[in-house]
Amino acid sequence: MAASAHDVEIEEIPEDIPSTTVHLDESESNDEKDFRQPPNATAFMSFNCDHCSNTYRHKSSLYRHIKTDHAKENFQSGTIKCTEGCSEKFRTSDDLIKHLCIKHNKSINIIHKSFSTLHEFIKWKESFEENARSSYVLHCAPKCHSDSSYISYCNRSGKYASKGKGVRELKMQGSSKIGTHCPAYIRAKKDEDGQLEVKLCNYHIHELQLHKVQLPLSLSTRKKVAAKLADGVTVSNIFDSIREQSLDGVLHRKHLLCRQDIHNIKHQYNIEGVQLHSDDHTSVSLLVKNMMESMDNPVFIYKKQGQKQSPDINDLADEDFVVGIQTCFQRDMMIKFQFVWTALMVLMFIISI
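Following this line, the structure appears as structure tokens:
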């Protein structure tokens, strides 16, 4: 008898393999059916609960069970350690703050604010950071939808992670990271109308200092300094303008502006065109090319690394890199006194013989 459209052909199962009944949903496509795992591959796979003796076939079922039935036991299964020295760990900053208030009698206030626009919130945030001598950095980029969330944590929270290969030692003033989690945060959530609801926790477990390593310059200060540098204002005049600003009895980070800050701002905004490319070798090549094409070419010798040396030079290897630059005055003096230098070299050669 011919099989109907809903009949499923069952293969014979060897005796040493337990049989398993598989229910196929008629709404599934052929690709979905082919993607399903073979029934015998997961017949004996199980996930055990660490809090009780229950066993589940799917990991999602186990997670659902733990979240529903063992929420209290699973409360301390995070990676955030207590900042007061006890051995408890937490999954979120809110759990840590709650623990600090209940177990360690800490007074931590959560402040709520509202702002009509994102620009208004950013302006308030910068002013608050300047007055509170603290800095908050975004934890991650906001998601691209109408109700975006901006979550910022203390810039000193966490451990120092070196991005280099360990060739150079850590700078003398050390890292800004404190080696543990700081519970301070600023959370802003934007609704469909563009308004922002902000939650602020300004409780830090470290001392708030104005040291340049621990507290960076504000974005507005960096932009103002960069604009003055681009307009040709000298570094001395920039320092004078900062000193002329009224302190109002409070010392802020911008009043401690130093030459290293100026150097960092130049590098960040690529002022004066010093770095023409992210790769140093390419940047130097472009810089030398621009100088050689200028009216007063200051380059009198240039050899790239890996380039074969010219016939008139016999003391350079192929892997050597050489660039020689002279000023207009040096060039004129060399041309003016070239005969004198030649005579001196000949005289020294004769004396050596």
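Read in order, the letters of the sequence shown are residues 1 to 353 in UniProt numbering.
No residue lacks a Cβ here, since even glycine has one placed at the ideal position from N, Cα and C.
Since the structure is predicted, the reported quantities are computational estimates derived from the model, not experimental observations.
Hey, how far is the Cα of residue i from the Cα of residue j?
i           : j      : result
Gly194      : Val323 : 56 Å
residue 416 : Phe321 : With the chain represented from 1 up to 353, any question about residue 416 goes unanswered, as that position is not in the structure.
Ser162      : Gln268 : 20 Å
Asp261      : Leu229 : 12 Å
Cys49       : Lys81  : 24 Å
Glu126      : Leu200 : 13 Å
Lys113      : Val198 : 5 Å
Ser46       : Glu192 : 44 Å
Cys154      : Ile111 : 16 Å
Ser157      : His119 : 26 Å
Lys289      : Val235 : 28 Å
Thr42       : Lys67  : Confidence at Thr42 is low in this model, with a pLDDT of 43, below 50, so the placement of that residue is unreliable and no value is reported for it.
Thr92       : Tyr56  : 27 Å
Ala317      : Phe349 : 26 Å
Asn202      : Ile97  : 11 Å
Ser220      : Gly164 : 29 Å
Asn264      : Leu215 : 14 Å
Arg253      : Arg259 : 14 Å
Leu100      : Ala132 : 22 Å
Asn54       : Thr79  : 25 Å
Glu207      : Tyr63  : 40 Å
Arg331      : Phe337 : 10 Å
residue 433 : Ile335 : Since the first residue of the chain shown is 1 and the last is 353, residue 433 is not available in this structure.
Trp124      : Arg187 : 13 Å
Ala184      : Ser134 : 10 Å
From the DSSP secondary-structure annotation, give me the bridge partner or partners of residue i.
i      : result
Lys189 : Ser149, Glu197
Lys113 : Val198
Tyr269 : Bridge partners of Tyr269: none, in fact.
Thr180 : Gly158
Phe47  : Tyr56
Lys89  : Lys81
Secondary structure at residue i, three-state DSSP: helix, strand or coil?
i           : result
Val322      : strand
Tyr160      : coil
Leu208      : coil
Phe337      : coil
Val299      : strand
residue 375 : Any property of residue 375 remains undetermined from this structure, which presents the chain solely from 1 to 353.
Ile80       : strand
Asn314      : coil
Glu244      : helix
Asn105      : coil
Ala71       : coil
Val225      : helix
Met291      : helix
residue 362 : Since the first residue of the chain shown is 1 and the last is 353, residue 362 is not available in this structure.
Asp279      : coil
Phe349      : helix
Tyr63       : helix
Thr327      : coil
Leu251      : coil
Ser175      : coil
Ser220      : helix
Could you name the residues of the same chain whose beta carbon sits closer than 7 Å to that of residue i, not counting the 5 residues immediately before and after it, in chain order?
i      : result
Tyr160 : Ser175, Lys177
Asn297 : Met291
Leu247 : His255
Pro142 : Ser148, Ser149, Tyr150
To which residues of the same chain is residue i closer than 8 Å at the C-beta, ignoring the five residues directly before and after it?
i      : result
Ile325 : Met291, Pro298, Val299, Phe300
Ser218 : Glu126, Glu129, Glu130, Arg253, Lys254
Give every residue of the same chain whose Cβ lies closer than 6 Å to the Cβ of residue i, excluding the five residues on either side of it in the sequence, and list them in chain order.
i      : result
Ile205 : Thr83, Cys182
Lys304 : none
Tyr302 : Val288, Val323
Ser116 : Gln195
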